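Colleague: Have a look at the structure that comes next, please.
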Amino acid sequence: MSLNDAPAIGRPSRWVLPAALVLVLLSFVAAVFLGIVDIPAHDVLSALTGSGSPEARSIILDIRLPRIVTGILAGVQFALAGLLLQTITRNPLADPSLMGVSQGATLTVTVFLLFTVYRANPDSYSVNELPIAWLPPAGMIGGMIAGGIIYLLAFRLDLSPLRITLCGIAIGAVLHAIAIGLIAGWGSARIEIILEWLSGSLYARTWDHALFLLPFTIVGLAMLPLIYRPLILLRFDAAVARSFGLSYKKQFSFVLLVSCALAASAVGAVGPVVFVGLIVPHLARFLAGRHFPLVLPLTIVLGAVIVTLGDLIGRLAGGPEEVPIGVVTALMGVPVLLVLLRKVP
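Heads up: the sequence shown at position 62 corresponds to 62 in full-length UniProt numbering, and the numbers run straight through without jumps.
Here it is as structure tokens:
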């Protein structure tokens, strides 16, 4: 068997990737044209060209487009991080929470808001006074620290995929418990923004959030040609990978770093959107027939589609209050995962 071929369930159709790209375009167009506020199509087109009414330009250019672009970037990062983690740990249930990234980001954001809002101004109840602009970097730093702690612990224990999994579950559970304890003791009047962030949301995301994610997305995609061959070999046991000349520990560590950076920055920007990093790689493998050269681009494209459509569904179903995308992906994710697990051996 060639290193470029994984065990296949038949050859994938050559139309799979083009169809997925068309789906990205259609979901983007639907997300731009549809929303709580009903804007005629010609007004949307006028706003996109810089003309039209001030209200239409504000809604399209300052509200819808930033959250759509932020969602696409976050979806790509969540899906790619999930694929990388599932591959190197050889664990089909791996996602950013496996490495404690989501839990570390949650704890950091909770502590950050607790001390910057509650301690500095204990009488403040306004969401507008919260330092929201600092949440993405705070969450990313916390996620990276959590991933680093788990890596160091596993490194001391010989860095096997099983030990990575066990360390991630244990540390993640501790971090999550501490964060929930702090939230419970904080007081309900001051936790609205944390609960919204915890559910995974694109609400009020701006161009600043998109610009925060863009460098991580670009660098992550640029790393793919460098890690492609090591990633193929990392699917096998360490002894097999080393027999092909792979520096197993070095390449494992590098891919793990890339996946943690992608996951941590995405969680920091939009919160822990569940099931995207878990389900999208499975869906890509199912459509690609486990033909690995096709799995990578499909994972990237489908990550963007799932988040864009999930956010659109949440906006349309929830009305003015809207349903957070994390809730939508959770409700959609369980049945999709069960179907995929029945079809994939």
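For glycine and all other residues, C-beta sits at the position ideal for the given N, C-alpha and C. None of these values were measured; they are calculated from a predicted model.
(1) One question on the structure: do Val270 and Thr329 come within less than 8 Å of each other, judged by their Cβ atoms?
(2) The alpha helix (DSSP H) spanning Leu256 covers which residue range?
(3) Report yes if the CB atom of Val76 is closer than 8 Å to the CB atom of Ile218, and no otherwise.
(4) Please name the residue, chosen from Gly303, Ser102, Leu135 and Phe155, that lies closest to Phe115 on a Cα-to-Cα basis.
(5) Short check: CB of Val267 to CB of Gly143, under 8 Å?
(6) Only counting the same chain, and skipping five residues up and downstream in sequence, which positions put a Cβ closer than 8 Å to that of Val334?
(7) With burial defined as no fewer than 16 other Cβ atoms inside 10 Å of the residue's Cβ, what is the status of Ala19: buried or exposed?
(8) Any heavy atom of the ligand GTP closer than 7 Å to the Cβ of His282?
(9) Take Ala56 as the anchor and find which of Ile68, Thr70, Gly71 and Asp38 has the nearest alpha-carbon.
(10) Where Ala105 and Pro225 are concerned, what is the direct C-alpha to C-alpha distance, given to the nearest angstrom?
(11) If Ala81 and Ser259 are in contact, beta carbons under 8 Å, what's the gap, nearest whole angstrom?
(12) Compute the distance between the beta-carbons of Gly168 and Leu256, then report whether it is under 8 Å.
(13) By how many angstroms is the C-alpha of Ser199 removed from the C-alpha of Ala179?
(14) Near Val323, which residues of its chain fall below 7 Å by C-beta distance, leaving aside the five closest residues on each side in sequence?
(15) Below 8 Å between beta carbons: does that hold for Leu213 and Ser265?
(16) Go through the region 272 to 299 residue by residue and report every complete run of the alpha helix (DSSP H) that reaches 4 residues or more, in order.
(17) Going by DSSP in three states, Glu196 sits in which element: helix, strand or coil?
(18) Can you tell me the Cα-Cα spacing of Leu107 and Arg14, whole angstroms?
(19) What are the boundary residues of the alpha helix (DSSP H) that residue 356 is part of?
(20) Have a look at Val16 and Ala154 and give me their C-alpha separation to the nearest angstrom.
(21) Have a look at Gly35, Ala74, Leu45 and Val24 and flag the residue whose alpha-carbon is nearest the alpha-carbon of Gly326.
(22) Please name the residue in Leu246, Leu233 and Ala210 whose C-alpha comes closest to that of Val69.
Modeller: Straight from the coordinates:
(1) Numbered from its first residue, the sequence shown carries residue 270 at position 270. Numbered from its first residue, the sequence shown carries residue 329 at position 329. No; because the gap between Cβ atoms is not below 8 Å, this pair is not in contact.
(2) As a first step, residue 256 is located in the sequence shown; it is residue number 256 there, counting from the start. First-last of the alpha helix (DSSP H) with Leu256: Tyr248 to Val270.
(3) The count along the sequence shown starts at 1 and reaches residue 76 at position 76. The count along the sequence shown starts at 1 and reaches residue 218 at position 218. Cβ distance not < 8 Å, so Val76 and Ile218 don't count as in contact.
(4) Along the sequence shown, one-based indexing puts residue 115 at 115. Considering only alpha carbons, the answer is Leu135.
(5) Looking up residue 267 in the sequence shown gives position 267. Looking up residue 143 in the sequence shown gives position 143. Contact flag set, yes.
(6) The sequence position of residue 334 within the sequence shown is 334, counting from 1. Correct list, in chain order: Phe275.
(7) Taking the first residue of the sequence shown as position 1, residue 19 is located at position 19. By the 10 Å Cβ count, Ala19 comes out exposed.
(8) The ligand content of the structure shown is nil, which means the ligand GTP is not present either.
(9) Translated into positions along the sequence shown, residue 56 becomes position 56. Measuring from the Cα of Ala56, the nearest candidate turns out to be Asp38.
(10) Along the sequence shown, one-based indexing puts residue 105 at 105. Along the sequence shown, one-based indexing puts residue 225 at 225. Their Cα atoms are separated by approximately 28 Å.
(11) The count along the sequence shown starts at 1 and reaches residue 81 at position 81. The count along the sequence shown starts at 1 and reaches residue 259 at position 259. Right, the Cβ-Cβ distance comes to about 4 Å (below 8 Å), so this counts as a contact.
(12) As a first step, residue 168 is located in the sequence shown; it is residue number 168 there, counting from the start. As a first step, residue 256 is located in the sequence shown; it is residue number 256 there, counting from the start. Going by C-beta atoms, Gly168 is not nearer than 8 Å to Leu256.
(13) If you number the sequence shown from 1, residue 179 lands on position 179. If you number the sequence shown from 1, residue 199 lands on position 199. In a straight line, the C-alpha of Ala179 is about 14 Å away from that of Ser199.
(14) Here the question's residue 323 lines up with position 323 in the sequence shown. Closer than 7 Å at Cβ, skipping near neighbours: Gly314 and Ala317.
(15) Numbered from its first residue, the sequence shown carries residue 213 at position 213. Numbered from its first residue, the sequence shown carries residue 265 at position 265. For Leu213 and Ser265, yes; Cβs fall inside 8 Å.
(16) 276 to 288
(17) Taking the sequence shown and counting its residues from 1, the one referred to as residue 196 is at position 196. Of the three classes helix, strand and coil, the one that applies to Glu196 here is helix, per DSSP.
(18) Numbered from its first residue, the sequence shown carries residue 107 at position 107. Numbered from its first residue, the sequence shown carries residue 14 at position 14. So the alpha carbons of these two residues sit roughly 44 Å apart.
(19) Beyond the ends of the chain as shown, which are 1 and 345, falls residue 356; an answer cannot be given.
(20) The sequence position of residue 16 within the sequence shown is 16, counting from 1. The sequence position of residue 154 within the sequence shown is 154, counting from 1. C-alpha separation (whole angstroms): 38 Å.
(21) Taking the first residue of the sequence shown as 1, we reach residue 326 at position 326. Comparing Cα-Cα distances from Gly326 to each of Gly35, Ala74, Leu45 and Val24, the minimum goes to Ala74.
(22) Stepping through the sequence shown from its first residue, residue 69 is reached at position 69. Looking at the Cα atoms, Ala210 is the closest of the given residues.
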